[in-house]
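Colleague: Per the working numbering, the very first residue in the sequence shown carries number 327; after that it's consecutive. All residues carry an ideal CB built from backbone N, CA and C; glycine is no exception.
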Amino acid sequence: MAVNKIDPADHLRYPIGPFRFEGDNSSAHREQWIGEISLAPGFLRAAVAGLTPVQLDTPYRDNGWTVRQVVHHLPDSHLNAYTRIKLALTEKEPTIKPYDEARWAELPDARVGNIEPSLSLLESLHRRWTMLLRQLSPVDFDRPYRHPEHGRIFIVDEALAMYAWHGRHHVSHITSLRERMGWS
Numbered sequence: 327m328a329v330n331k332i333d334p335a336d337h338l339r340y341p342i343g344p345f346r347f348e349g350d351n352s353s354a355h356r357e358q359w360i361g362e363i364s365l366a367p368g369f370l371r372a373a374v375a376g377l378t379p380v381q382l383d384t385p386y387r388d389n390g391w392t393v394r395q396v397v398h399h400l401p402d403s404h405l406n407a408y409t410r411i412k413l414a415l416t417e418k419e420p421t422i423k424p425y426d427e428a429r430w431a432e433l434p435d436a437r438v439g440n441i442e443p444s445l446s447l448l449e450s451l452h453r454r455w456t457m458l459l460r461q462l463s464p465v466d467f468d469r470p471y472r473h474p475e476h477g478r479i480f481i482v483d484e485a486l487a488m489y490a491w492h493g494r495h496h497v498s499h500i501t502s503l504r505e506r507m508g509w510s
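(1) Between the alpha carbons of Ala414 and Gly508, how many angstroms are there, rounded?
(2) Would you kindly report the start and end of the unbroken beta strand (DSSP E) that includes Pro470?
(3) Looking only at its own chain, which residues have a Cβ that is under 7 Å from the Cβ of Glu432, when we skip the five neighbours before and after it?
(4) Taking the beta strand (DSSP E) that Arg387 falls in, what are its first and last residues?
(5) By DSSP, does Ile500 sit in helix, in strand, or in coil?
(6) Terminal residues of the continuous beta strand (DSSP E) containing Phe467?
(7) Which whole runs of the alpha helix (DSSP H) in the segment 339–376 are 4 residues long or more, in chain order?
(8) By the DSSP assignment, the beta strand (DSSP E) with Ile479 in it spans what residues?
(9) Specify, as a first and last residue, the run of the alpha helix (DSSP H) that Ile411 falls within.
(10) Should Ala485 be labelled buried (16 or more other beta-carbon atoms within 10 Å of its own) or exposed?
(11) Around the C-beta of Arg478, are 16 or more other C-beta atoms found within 10 angstroms, so that it is buried, or is it exposed?
(12) Give the DSSP-derived three-state secondary structure of Thr378 in the structure shown.
(13) In whole angstroms, what is the alpha-carbon distance linking His399 and His495?
(14) Based on DSSP bridge pairs, tell me the residues matched to Thr421.
(15) Return the CA-CA distance between Val329 and Gly343, expressed in angstroms with no decimal places.
(16) Applying the 10 Å Cβ sphere with the 16-neighbour rule, what's the burial state of His306?
(17) For Arg454, report the span of its alpha helix (DSSP H) as first-last.
(18) Tell me which residues share the same chain as Asp402 and place their Cβ nearer than 6 Å to its Cβ, disregarding the 5 neighbours each side in the sequence.
(19) Closest by CA to Val380, which one among Trp359, Glu362, Arg437?
(20) By the three-class DSSP mapping on this structure, what secondary structure does Gly493 have?
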């Protein structure tokens, strides 16, 4: 998977680069992506370990979400991804239901809620998700779903790559902020 070159000003927004799917859906890449999804909850938990409430309420960049909102966003987003993949596996080219992630991040549970339930939810979700992914046949990864906001078809492989990237992307927001702020 390659990443696009980004303007240095966008480095805070895309610390590991923006997502780009090259269509390389080899079994080796699948295993890598499944492994990344499996490990993401532990990396997130480590990234927020020891942060104070004030630190959790610090945006990772100007006009960005707070660390707390990022933590709550990950299970929200990955629950949607898990559902989309299950729809693709069980229906013929289903049209998925988009959601407004920015508005979800402004809801009270994401703005002020304790992060522990979201950390636990992400751990449980990813255990279940990787259990499913590891049982799929190669043809299952070509199953499609339609995303009406993007106006195109996604296949399970692309979703898998995207959400492996997505976990690393948001963990990097937090670890980069910790580094910039000198939070050990």
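Modeller: Looking at the atomic coordinates:
(1) 43 Å
(2) 470–473
(3) If we look at Glu432 and ignore the five residues flanking it on each side, it has no Cβ neighbours.
(4) That residue, Arg387, is in no beta strand (DSSP E); it is neither H nor E in DSSP.
(5) helix
(6) Membership of Phe467 in any beta strand (DSSP E) is not indicated, and neither H nor E is assigned to it by DSSP.
(7) Counting whole runs of 4 or more residues, the segment 339–376 contains the alpha helix (DSSP H) stretches 353–374.
(8) 478–481
(9) 393–416
(10) buried
(11) By the 10 Å Cβ count, Arg478 comes out exposed.
(12) coil
(13) When rounded, the separation of the alpha-carbon atoms in His399 and His495 is 12 Å.
(14) Arg472
(15) Confidence in Val329 is poor, its pLDDT being 46 and thus under 50, which makes the residue's placement too unreliable to answer from.
(16) Residue 306 cannot be examined here, being either before or after the span of the chain that is shown, 327 to 510.
(17) 442–459
(18) Trp430
(19) Arg437
(20) helix
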